[in-house]
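**Student:**
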Amino acid sequence: MEIIYLLIPIAIILVSVGIWAFFWSVKQGQFDDLESPAHRILFEDDGDMIPDDARPDHSDKTDNTP
Amino acid sequence: MTVQRTQAPASCFHCGLPVPSGTDYTTLINGKAQPMCCPGCQAVAKTIVDGGLDGFYRHREASGAINDGRLAAESHLADELALYDSKAIQAEFVRHISSEQAEATLVIEGITCAACVWLLEHHLGQQPGVTQFSVNMTNHRARLVWNPEQTRLSTLFAEVLRIGYKAHPYHPNREEQLLEQENKRAIRRLGVAGVGMMQVMMMAIALYAGALQDMEARFVEFIRWSSLVLATPVVLYSARPFFITAWRDLRTRNLSMDVPVSIAIGGAYLASVWATVMNTGEVYFDSVTMFTFFLLIGRYIEMQARHRTGKAGNALMDLLPASATLLQEGHEKMVPVSELKPDDLVLVRPGHTLPADGIITDGESAIDESALTGEYLPISKAVNDPVVGGTINVEHPIKVRITDVGANTRLSAIVGLLDRAHADKPMTARVADKVARYFVLAVLITSATVATAWSFIAPEDAFWITLSVLVVTCPCALGLATPTALTAATGTLRQQGFLITRGHVLEGLASATHVIFDKTGTLTEGNLSIQQMQPARELGSHNPYAIAAALEQVSEHPIARAFRPYFQIEACNTRITVNAGVEGEVAGTSYRIGKPSYAAELYQGPLPEQPDRERQWLLLADRQGPLAWFALDDQIRKDAAFTLSALKRLGMQIGMLTGDDSSAAARVAQELGIDTVKQGVSPDQKLEYINELQASGASVVMVGDGINDIPVLAGARTSIAMGSATDLAKTSADAVLISSELERLALALLVARKTRMIIRENLTWALMYNLVALPLAAMGFIAPYMAAVGMSASSLIVVGNAMRLSRRPRLRRKHRE
Chain A
0 MEIIYLLIPI AIILVSVGIW AFFWSVKQGQ FDDLESPAHR ILFEDDGDMI
50 PDDARPDHSD KTDNTP
Chain B
0 MTVQRTQAPA SCFHCGLPVP SGTDYTTLIN GKAQPMCCPG CQAVAKTIVD
50 GGLDGFYRHR EASGAINDGR LAAESHLADE LALYDSKAIQ AEFVRHISSE
100 QAEATLVIEG ITCAACVWLL EHHLGQQPGV TQFSVNMTNH RARLVWNPEQ
150 TRLSTLFAEV LRIGYKAHPY HPNREEQLLE QENKRAIRRL GVAGVGMMQV
200 MMMAIALYAG ALQDMEARFV EFIRWSSLVL ATPVVLYSAR PFFITAWRDL
250 RTRNLSMDVP VSIAIGGAYL ASVWATVMNT GEVYFDSVTM FTFFLLIGRY
300 IEMQARHRTG KAGNALMDLL PASATLLQEG HEKMVPVSEL KPDDLVLVRP
350 GHTLPADGII TDGESAIDES ALTGEYLPIS KAVNDPVVGG TINVEHPIKV
400 RITDVGANTR LSAIVGLLDR AHADKPMTAR VADKVARYFV LAVLITSATV
450 ATAWSFIAPE DAFWITLSVL VVTCPCALGL ATPTALTAAT GTLRQQGFLI
500 TRGHVLEGLA SATHVIFDKT GTLTEGNLSI QQMQPARELG SHNPYAIAAA
550 LEQVSEHPIA RAFRPYFQIE ACNTRITVNA GVEGEVAGTS YRIGKPSYAA
600 ELYQGPLPEQ PDRERQWLLL ADRQGPLAWF ALDDQIRKDA AFTLSALKRL
650 GMQIGMLTGD DSSAAARVAQ ELGIDTVKQG VSPDQKLEYI NELQASGASV
700 VMVGDGINDI PVLAGARTSI AMGSATDLAK TSADAVLISS ELERLALALL
750 VARKTRMIIR ENLTWALMYN LVALPLAAMG FIAPYMAAVG MSASSLIVVG
800 NAMRLSRRPR LRRKHRE
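Residue numbers (numbering that gives the first Met the number 0), protein chains in the order written: chain A, 0 to 65; chain B, 0 to 816.
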């Protein structure tokens, strides 16, 4: 049980680091827009990063992306 | 009579408007030629595809919801943009970070979904010299970092325009900066309370488990000290707003709900600190942090809704153009509107907005004053007629001598009425605050009595029994009763397209007795449409819709806009006569459309008889004689009749206030069965009427949309703006009907009544629990830990009851009259 003398202070230090990071991110404006990031993740703008041989069917150009 | 449509036209792939038949604008998107309605949309779509950003069309939520390409086709905007390169204007919103980097904040017009944000960021990011361009979807602001040596700012503004959006420089005012700070502070408080609550809860579980398994005293003491460390920032930082308001309320001798909340948080925290330091009794750090966190969530949601429409700072500016064409010794010069002075002579082209109040010195034209009066039909003005800043010149270029600028303009005067109206607004006393007043007194008196009594009976137990009493009566349930119900109801209504921006709306709606509507734009659609076509002779191969649309295509008049969907063929040699009509040739034949007398001049014959006198009729004629009549009217919203009957069933008195003094107002009222009608009233008179009603004890809900409604929206106890309303109207209203569907209003009323009922249930329950528990605690039967469990349980019941409001109520259509 003595281990809690070590673990709980570590936990408190981690919490303070977390709070500091949170304050920093609020200051950076990361919480200003809570709407668009949820959609942004779904946008496919990495078409040019897919290797040619991994494309499902590159003969049909009109249907290469859903 | 229904509108006779020739055929359902294909819709533009870019903006969703119908494609006029006979035109052939297409753009190759994803290898497929897609139809476009106009060269503007075509150009925008081409820019998007050429930039490799065609993903935009896959990402957007619904076609047609987005900007229309016509904006991009307006070439005059390009000249206006050159203004933004001038150092004097840039000084207001551009910040130089280093010698090669400058930063600007812009407001972007036309953003409707996340795909717009994606498109803007990628398109602007591709421009040379742009280091960073990030768009905030919530407030439509963009941050631009670029190299001014490499690219001019006007080029970047033009690029935004090229993909169909419009950028304005953003001038933050003090109020908006404060809102932003408030928002950030609230997020930080919420975050600290959330993290603190979770950590303290973990410790609390260790303590509860330890109590059952006989944990060694030294460990218990250590965990208590750790909880104290974690709970302290929650109380001192997160809960601060409660203490501050409570202190303010106490000083003004006004007991609000924040007072018992502060006593509970502060009292339980201090008692727990005492218990930890003295190593006796019980600690309540878990309850303290949890209570703080839940209350903060409610406050945060309420604040977010309030900020959502809080774009007040730029709302007035949006009505005025950024630049004006100044005439100096016969030369035209583009100047920013802020540099205009009285006695300056400006040129206002058709389609442009008047920069300030003035008098016409040359030319005659029709002026669209809908922004001020809500009336959609332009008023014709000639030399020496006064014109008002913010209104739009529709037909011909005019020269205007400026008389008033800035704060002296009519527009500013209307906004000035706002403050007066706000000051007179009746205050809504919150039920919870009334209860709180008695409750706090009762608790304080009881605790004092208990403490005195027990100090005689058993002085060593007195402290702990008094603490039990305080914990048992902890107003958690009472404190949560109202906010949880309001939060749940606000969330439900928001999903239904009814956005509440101020806290008193639900109480105001629940107790409403009168619902007063504005006419144009609220009960009606607010724009003209063709209601009926009646041939005046055998038509043969003539298609009157196509001919009329071809002629009207050249005009910017609202009447002409009603013909846009029927556009098929081009007319040539067109000529507009102010306040009369249009003449032109279609397929080699001359036609006239407009006022009957004007059209009749073409065939030099007698006027045919007008089908009826109630509506506005346009005559189309050729050289042989009259061809067809068109009836134009502002259509009543489809759901207006149903909503009004639903409201009447709920016991509301319906009224209508309108600036329109024509017979149209009476007809709308008659058709919808509205008894109380005030027509031809000015914004001041509207406000006066509402104030009189409210003085006689009525609780008024006002629904409106125009700038002319702003004072009355601000003065009514509860005010609702339509989603299509001007920004300024939305900010002065307490709630917004996002989808402009009136039906939601009846729904909101039902939810408001249900909310009131649930708040009452919650308050009753919380008080009953306290009444039962208090005597037991006072007699010393309840150990502090039992008090804590009971308190949590009663809070959960209150929260659960409030959650019933998240179910969507239904308006029964079968009762339809």
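By construction, the Cβ of each residue, glycine as well, lies at the ideal position given by its N, Cα and C atoms.
From the beta carbon of Phe12 (chain B), is the nearest beta carbon of chain A less than 7 Å away?
**Tutor:** Reading the second sequence from its first residue, position 13 is the one you call residue 12 (chain B). No, Phe12 (chain B) does not count as interfacial toward chain A.
**Student:** Kindly examine the ligand FAD and report whether one of its heavy atoms sits closer than 6 Å to the Cβ of Gln623 (chain B).
**Tutor:** With respect to small molecules bound, the structure shown includes none, and the ligand FAD cannot be examined in it.
**Student:** My assumption, with CB atoms under 8 Å, is that Leu227 (chain B) sits in contact with Thr275 (chain B). Please give the rounded CB distance.
**Tutor:** Position 228 of the second sequence holds residue 227 (chain B). Position 276 of the second sequence holds residue 275 (chain B). The pair is a contact, with the Cβ atoms about 5 Å apart (cut-off 8 Å).
**Student:** Identify which residue in B:Gly209, B:Arg184, B:Trp224, B:Thr500 has its Cα closest to the Cα of Val199 (chain B).
**Tutor:** Counted from its first residue, the second sequence places residue 199 (chain B) at position 200. The residue with the shortest Cα to Cα distance from Val199 (chain B) is B:Trp224.
**Student:** Quick one: using the 10 Å Cβ neighbour count with 16 as the cut-off for buried, is Leu780 (chain B) buried or exposed?
**Tutor:** Here residue 780 (chain B) corresponds to residue number 781 of the second sequence, with the count starting at 1. Looking at the sequence provided, one finds Phe at residue 780 (chain B) rather than Leu. Flag for Phe780 (chain B) reads exposed.
**Student:** Just how far apart, CA to CA, sit Leu119 (chain B) and Asp53 (chain B)?
**Tutor:** Translated into the one-based positions of the second sequence, residue 119 (chain B) becomes position 120. Translated into the one-based positions of the second sequence, residue 53 (chain B) becomes position 54. One C-alpha to the other measures close to 12 Å.
**Student:** In the DSSP assignment, find the unbroken beta strand (DSSP E) run with Ala103 (chain B) in it and report its ends.
**Tutor:** One-based indexing of the second sequence puts residue 103 (chain B) at position 104. Note, Ala103 (chain B): beta strand (DSSP E), 101–108.
**Student:** Starting from His121 (chain B), follow the alpha helix (DSSP H) in both directions and report where the run begins and ends.
**Tutor:** In the second sequence, the residue the question calls residue 121 (chain B) occupies position 122. Segment 113–124, the alpha helix (DSSP H) holding His121 (chain B).
**Student:** For the alpha helix (DSSP H) containing Val134 (chain B), name the first residue and the last one.
**Tutor:** Within the second sequence, residue 134 (chain B) is the residue found at index 135, counting from 1. Counting along the chain, Val134 (chain B) falls outside any alpha helix (DSSP H), though it belongs to the beta strand (DSSP E) covering 129–135.
**Student:** Is the number of C-beta pairs between the segment 476–495 of chain B and the segment 601–612 of chain B that are closer than 8 Å three or more?
**Tutor:** no
**Student:** State whether the segment 228–236 of chain B contacts the segment 281–288 of chain B, with contact taken as three or more CB pairs (one from each stretch) at a distance under 8 Å.
**Tutor:** yes
**Student:** Does the beta carbon of Asp32 (chain A) come closer than 7 Å to any beta carbon on chain B?
**Tutor:** Position 33 of the first sequence, counting from 1, holds the residue named residue 32 (chain A). Answer yes: the Cβ-Cβ gap between Asp32 (chain A) and chain B drops below 7 Å somewhere.
**Student:** Among the residues of its own chain, which have a CB less than 6 Å from the CB of Ala141 (chain B), if the five just before and after it don't count?
**Tutor:** Here the question's residue 141 (chain B) lines up with position 142 in the second sequence. Excluding sequence neighbours, Ala141 (chain B) sits near Leu105, Ile107, Val134.
**Student:** Going by beta-carbon coordinates alone, are Ile162 (chain B) and Val334 (chain B) separated by less than 7 Å?
**Tutor:** Looking up residue 162 (chain B) in the second sequence gives position 163. Looking up residue 334 (chain B) in the second sequence gives position 335. In this structure, Val334 (chain B) does not lie closer than 7 Å to Ile162 (chain B) by Cβ.
**Student:** Return the CA-CA distance between Leu550 (chain B) and Thr675 (chain B), expressed in angstroms with no decimal places.
**Tutor:** Position 551 of the second sequence holds residue 550 (chain B). Position 676 of the second sequence holds residue 675 (chain B). So the two alpha carbons sit approximately 41 Å from each other.
**Student:** Can you give the Cα-Cα distance for Leu538 (chain B) and Gly624 (chain B), rounded to whole angstroms?
**Tutor:** Along the second sequence, read from residue 1 onward, the residue named residue 538 (chain B) stands at position 539. Along the second sequence, read from residue 1 onward, the residue named residue 624 (chain B) stands at position 625. Going by the C-alpha atoms only, they are around 11 Å apart.
**Student:** Between Ala461 (chain B) and Trp453 (chain B), which are expected to be in contact by the criterion C-beta below 8 Å, what is the C-beta distance as a whole number of angstroms?
**Tutor:** As a position in the second sequence, residue 461 (chain B) is number 462, starting the count at 1. As a position in the second sequence, residue 453 (chain B) is number 454, starting the count at 1. Sure, about 4 Å apart at Cβ, within 8 Å.
**Student:** Say whether the segment 576–596 of chain B touches the segment 547–565 of chain B, bearing in mind that this needs 3 or more beta-carbon pairs closer than 8 Å, one atom from each stretch.
**Tutor:** yes
**Student:** I'd like the span of the beta strand (DSSP E) that includes Pro168 (chain B), first residue to last.
**Tutor:** Walking along the second sequence from the start, residue 168 (chain B) turns up at place 169. Unbroken beta strand (DSSP E) run through Pro168 (chain B): 165–168.
**Student:** Rounded C-beta distance between Met35 (chain B) and Thr26 (chain B)? I'm assuming under 8 Å.
**Tutor:** Position 36 of the second sequence, counted from the start, is the residue given in the question as residue 35 (chain B). Position 27 of the second sequence, counted from the start, is the residue given in the question as residue 26 (chain B). Rounded, the Cβ-Cβ distance is 6 Å, consistent with contact.
**Student:** Anything in the segment 176–197 of chain B with a Cβ closer than 7 Å to a Cβ of chain A? List those residues in chain order, please.
**Tutor:** Lys183, Ile186, Arg187, Gly190, Val191, Val194
**Student:** For a test of the three-state rule: what should DSSP assign to Leu785 (chain B), helix, strand or coil?
**Tutor:** As a first step, residue 785 (chain B) must be located in the second sequence, where it is residue number 786. Note that residue 785 (chain B) corresponds to Met in the displayed sequence, not to Leu. Met785 (chain B) falls in the helix class under three-state DSSP.
**Student:** Got a sec? Which residues, its chain only, sit under 7 Å from Leu326 (chain B) by beta carbon, not counting five neighbours each side?
**Tutor:** In the second sequence, residue 326 (chain B) corresponds to position 327, counting from 1. Contacts found: Leu344, Val345, Leu346, Lys398.
**Student:** For Trp19 (chain A), count neighbouring C-beta atoms within 10 Å of its own C-beta (all shown protein chains included) and say buried if the count is 16 or more, exposed if not.
**Tutor:** Position 20 of the first sequence holds residue 19 (chain A). Exposed.
**Student:** Is the segment 358–367 of chain B touching the segment 569–578 of chain B, taking contact as three or more C-beta pairs under 8 Å?
**Tutor:** yes
**Student:** Where DSSP assigns a beta bridge to Ser528 (chain B), which residues make up the other side?
**Tutor:** Within the second sequence, numbered from 1, the residue matching residue 528 (chain B) stands at position 529. Beta-bridge pairing links Ser528 (chain B) to B:Asp632.
**Student:** Check the C-beta distance from Asp708 (chain B) over to Asp517 (chain B) and give it rounded, since I have them as a contact under 8 Å.
**Tutor:** Counted from its first residue, the second sequence places residue 708 (chain B) at position 709. Counted from its first residue, the second sequence places residue 517 (chain B) at position 518. That belief holds up - the Cβ atoms of Asp708 (chain B) and Asp517 (chain B) are roughly 5 Å apart, short of 8 Å.
**Student:** Mind checking if Ser827 (chain B) is an interface residue toward chain A, Cβ cutoff 7 Å exclusive?
**Tutor:** The requested residue 827 (chain B) is not part of the displayed model; chain B covers only 0 to 816.
**Student:** Please report whether the beta-carbon of Ser35 (chain A) lies at a distance below 7 Å from any beta-carbon of chain B.
**Tutor:** Sequence index remark: in the first sequence, residue 35 (chain A) carries index 36 (1-based). Chain B, which has a Cβ nearer than 7 Å to the Cβ of Ser35 (chain A), makes this yes.
**Student:** How would you list, in chain order, the residues of chain A whose beta-carbon sits under 8 Å from the beta-carbon of Leu295 (chain B)?
**Tutor:** Position 296 of the second sequence, counting from 1, holds the residue named residue 295 (chain B). What Leu295 (chain B) touches in chain A: nothing, since even the nearest Cβ is about 14 Å away.
**Student:** Chain A beta carbons: is any one of them nearer than 7 Å to that of Thr137 (chain B)?
**Tutor:** Mapped onto the second sequence, residue 137 (chain B) falls at position 138. Yes, Thr137 (chain B) lies at the interface with chain A (some Cβ there is under 7 Å from its Cβ).
**Student:** When you compare each of B:Thr523, B:Leu505, B:Pro557 to Pro377 (chain B) by their alpha carbons, which one comes out closest?
**Tutor:** Working through the second sequence from its first residue, we reach residue 377 (chain B) at position 378. When each option's Cα is compared against that of Pro377 (chain B), the closest is B:Pro557.
**Student:** Here's the rule I'm using: 16 or more other beta-carbon atoms within 10 Å means buried, otherwise exposed. How should Val771 (chain B) be labelled?
**Tutor:** The residue labelled residue 771 (chain B) in the question sits at position 772 within the second sequence. By the 10 Å Cβ count, Val771 (chain B) comes out exposed.
**Student:** Taking the C-alpha atoms as reference points, what is the distance between Ser10 (chain B) and Phe566 (chain B)?
**Tutor:** Translated into positions along the second sequence, residue 10 (chain B) becomes position 11. Translated into positions along the second sequence, residue 566 (chain B) becomes position 567. If you take the alpha carbons of Ser10 (chain B) and Phe566 (chain B), they lie about 13 Å apart.
**Student:** Checking contacts by CB at 7 Å: is Val16 (chain A) closer than that to chain B?
**Tutor:** Counting from one through the first sequence, the residue named residue 16 (chain A) turns up at place 17. Not closer than 7 Å to any Cβ of chain B, the Cβ of Val16 (chain A) fails to qualify, so no.
**Student:** Compare the C-beta of Ser226 (chain B) against all C-beta atoms of chain A and say whether one is closer than 7 Å.
**Tutor:** Along the second sequence, read from residue 1 onward, the residue named residue 226 (chain B) stands at position 227. So no, Ser226 (chain B) is outside the interface.
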